[in-house]
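Asks:
Protein chains: 2
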Amino acid sequence: MKLLKDRILKDGRVLEGNILKVDNFLNHQIDVELFNEMGKELKKRYEGTEITKILTVEVSGIAIAAIVAQYFNVPVVFAKKHAGRNMDKDSYEADVYSYTKDATYKIKVAKKFLSEKDSLLLVDDFLANGQALLGLIELANQSGAKVAGAGIAIEKAFQHGRELVEEKGVRVESLAIIEKMEDRQLIFK
Amino acid sequence: MKLLKDRILKDGRVLEGNILKVDNFLNHQIDVELFNEMGKELKKRYEGTEITKILTVEVSGIAIAAIVAQYFNVPVVFAKKHAGRNMDKDSYEADVYSYTKDATYKIKVAKKFLSEKDSLLLVDDFLANGQALLGLIELANQSGAKVAGAGIAIEKAFQHGRELVEEKGVRVESLAIIEKMEDRQLIFK
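These protein sequences, in sequence, are chains A and H. Going by this note's numbering, the first residue of the first sequence is number 130, and it counts up by one from there. Going by this note's numbering, the first residue of the second sequence is number 130, and it counts up by one from there.
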């Protein structure tokens, strides 16, 4: 998606350790107009596919999921990382390993929000090593929901998360795929 | 806003300790269509007021803010509660006291996203004791940004947050105001 790639080139910054900082339009400040274009594009790519709900995970997936959901006319469910004390005890849970933090955290969804009647689109801002998506797939599997696919803003292809997700039989659509980050330069696929 | 009140009566649940659970449409599963109606209503109430950005706070404010922002044609900035290691060190910070958790947490916004040129609409899902809004006002004040007002989905009037916020000179618009919660019953203003 040219619009997103251009924006990454214009406003993204590559930090040490293959970190791409896009906080001025994607995950701290949010360009809602750009998100709408991303929603249209994902709807196009998933045309003809049944989607009953969009599933994402706290925090940075939420805004994208909400905007994208408008094009599919479905509700969003977001898995919680920081479940408060009022969270339903009756929940699906999955462990997600974070390479960045070298730690495992739990994500949870109340059971009442996912069922075998659902056909889910998983939405997130980044796909890197794929651990967050695998966690969402695990939640879906526990509930019996079908996973129709994943819709990702930015994929770091060199971290190979896509392979792990596709091995689970899940289709992946990423709107900007970064093949390489070298010397603070980005090379898109 | 009748649509929201009706939805609260239909799908909300009052738990012990004056807790209103609305996780099936507001803060775990999200009804994007309802959020759009909330966006239209807030735009109507703030017609003629200059808004350059919407400021909210992790987590449950984000989806509402993103949808509402479409009606104001402005970006969203969300203050971080769980700032990762890539968060700008150069940030505005405020302490927010949580009555629910009897603990104080920090919220942060990178300095580059707020300035004295901004006129902010603060958006959040709940207004109860007002501490989160006071934290956002504090961030705005540090940056020199003007606060044009607050747009809230559900206000618990009996917890008196509005008074504290209005004392700071900030206009508050809430789409559903709950006067009382008694015996698991809700009474709207």
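The C-beta atom is built at its ideal place from N, Cα and C for all residues, glycine as well. Only a predicted model underlies this, so the values are computations on that prediction, with no experimental measurement involved.
Assign ASN389/A to buried or exposed, taking buried as 16 or more other Cβ atoms, counted over all protein chains shown, within 10 Å of its Cβ.
Replies: The question about residue 389/A has no answer, for chain A in this structure spans 130 to 318.
Asks: Considering just the uninterrupted stretch of the alpha helix (DSSP H) at ASP231/H, what are its terminal residues?
Replies: Within the second sequence, residue 231/H is the residue found at index 102, counting from 1. Run containing ASP231/H: none; DSSP gives neither H nor E here.
Asks: Counting only Cβ pairs nearer than 8 Å, list the residues of chain H close to LEU144/A.
Replies: Along the first sequence, read from residue 1 onward, the residue named residue 144/A stands at position 15. Within 8 Å Cβ-Cβ: ASN215.
Asks: With a threshold of 16 other CB atoms inside 10 Å of the CB of GLU245/H, please say whether the residue is buried or exposed.
Replies: Here residue 245/H corresponds to residue number 116 of the second sequence, with the count starting at 1. Exposed: under 16 other Cβ atoms inside 10 Å.
Asks: Give me the subset of the stretch 229–255 of chain A whose CB atoms are less than 7 Å from a CB atom of chain H, sorted by chain position.
Replies: The residues in question are ALA239, PHE242.
Asks: Where in the stretch 142–214 of chain H do unbroken runs of the beta strand (DSSP E), each at least 3 residues long, occur, reported from the N-terminal end onward?
Replies: Segments of the beta strand (DSSP E) lying fully in the stretch 142–214 of chain H: 142–144, 148–150, 182–186, 205–208.
Asks: Can you tell me which of ILE180/A, LYS285/A, LYS240/A, ASP140/A puts its alpha carbon nearest to the alpha carbon of ASP219/A?
Replies: Here residue 219/A corresponds to residue number 90 of the first sequence, with the count starting at 1. Comparing Cα positions, the closest option is LYS240/A.
Asks: At a Cβ cut of 7 Å, what residues of the stretch 180–193 of chain A count as close to chain H, listed as they run along the chain?
Replies: Hits within the stretch, in order: GLU187, VAL188, ILE191, ALA192.
Asks: Could you pull out every residue in the same chain whose Cβ sits closer than 7 Å to the Cβ of LEU144/A, ignoring the five residues on either side in sequence?
Replies: Your numbering for residue 144/A matches position 15 in the first sequence. The residues are LYS150.
Asks: Return the chain-ordered ranges of every alpha helix (DSSP H) run that is complete within the stretch 228–283 of chain H and spans a minimum of 4 residues.
Replies: Listed in chain order, they are 260–272.
Asks: Counting only the same chain and skipping the five closest in sequence on each side, list residues whose C-beta sits under 8 Å from that of PHE154/H.
Replies: Your numbering for residue 154/H matches position 25 in the second sequence. The answer, listed in chain order, is ARG136, ASP140, ASP160, LEU163.
Asks: Of the choices LYS237/H, GLU176/H, HIS289/H, whose alpha-carbon is the least far from that of ILE307/H?
Replies: As a working mapping, residue 307/H is identified with position 178 in the second sequence. The candidate whose alpha carbon is nearest that of ILE307/H is HIS289/H.
Asks: Of the residues GLU295/H, GLU170/H, LYS172/H, GLU187/H, which one's Cα is nearest the Cα of LYS235/H?
Replies: Here residue 235/H refers to the residue found at position 106 of the second sequence. Of the candidates GLU295/H, GLU170/H, LYS172/H, GLU187/H, the one whose C-alpha sits nearest the C-alpha of LYS235/H is GLU187/H.
Asks: Under a three-way DSSP split, which group does ASP140/H fall into?
Replies: The count along the second sequence starts at 1 and reaches residue 140/H at position 11. ASP140/H: helix per DSSP, three-state reduction.
Asks: Rounded to a whole number of angstroms, what is the C-alpha to C-alpha distance between LEU293/A and GLN199/A?
Replies: By 1-based counting over the first sequence, the position of residue 293/A is 164. By 1-based counting over the first sequence, the position of residue 199/A is 70. Using only the alpha carbons, I get a separation of about 29 Å.
Asks: Assuming the contact rule is C-beta atoms closer than 8 Å, ASP247/H and ILE193/H should be a hit. Round their C-beta distance to whole Å, please.
Replies: Start at 1 with the first residue of the second sequence, and residue 247/H comes out as number 118. Start at 1 with the first residue of the second sequence, and residue 193/H comes out as number 64. At roughly 19 Å, the Cβ-Cβ gap does not stay under 8 Å, so ASP247/H and ILE193/H are not in contact.
Asks: How about ASP135/A: is its C-beta nearer than 7 Å to some C-beta of chain H?
Replies: Here residue 135/A refers to the residue found at position 6 of the first sequence. It does not: the Cβ of ASP135/A has no partner Cβ on chain H nearer than 7 Å.
Asks: With contact counted as at least three CB pairs below 8 Å, one residue from each stretch, are the stretch 206–221 of chain A and the stretch 163–178 of chain A in contact?
Replies: The stretch 206–221 of chain A vs the stretch 163–178 of chain A: no contact.
Asks: Relative to the alpha-carbon of ALA257/A, which residue among GLU267/A, ILE266/A, LEU249/A, ALA286/A has its alpha-carbon at the smallest distance?
Replies: The count along the first sequence starts at 1 and reaches residue 257/A at position 128. Ranking GLU267/A, ILE266/A, LEU249/A, ALA286/A by Cα distance to ALA257/A puts ALA286/A first.
Asks: Per DSSP, what kind of secondary structure is VAL294/A in: helix, strand or coil?
Replies: Taking the first residue of the first sequence as 1, we reach residue 294/A at position 165. DSSP places VAL294/A in helix when its eight states are reduced to three.
Asks: Can you find the residues in the same chain that come closer than 8 Å, C-beta to C-beta, to ASN147/H, ignoring five residues on each side of it along the sequence?
Replies: For the purposes of this step, residue 147/H is identified with residue 18 of the second sequence, where counting begins at 1. So the list reads LYS285, PHE287, GLN288, MET310, once near-sequence residues are dropped.
Asks: Mapping the DSSP letters down to three states, classify ASP135/A as helix, strand or coil.
Replies: The residue labelled residue 135/A in the question sits at position 6 within the first sequence. Here ASP135/A sits in helix by DSSP.
Asks: Within 7 Å of any Cβ in chain A, is that where the Cβ of ILE283/H sits?
Replies: The count along the second sequence starts at 1 and reaches residue 283/H at position 154. Judged by the 7 Å Cβ criterion, ILE283/H is not in contact with chain A.
Asks: Taking buried to mean at least 16 other C-beta atoms within 10 Å of its own C-beta, is ALA232/H buried or exposed?
Replies: Here residue 232/H corresponds to residue number 103 of the second sequence, with the count starting at 1. The residue in question, ALA232/H, is exposed, as its Cβ has fewer than 16 Cβ neighbours within 10 Å.
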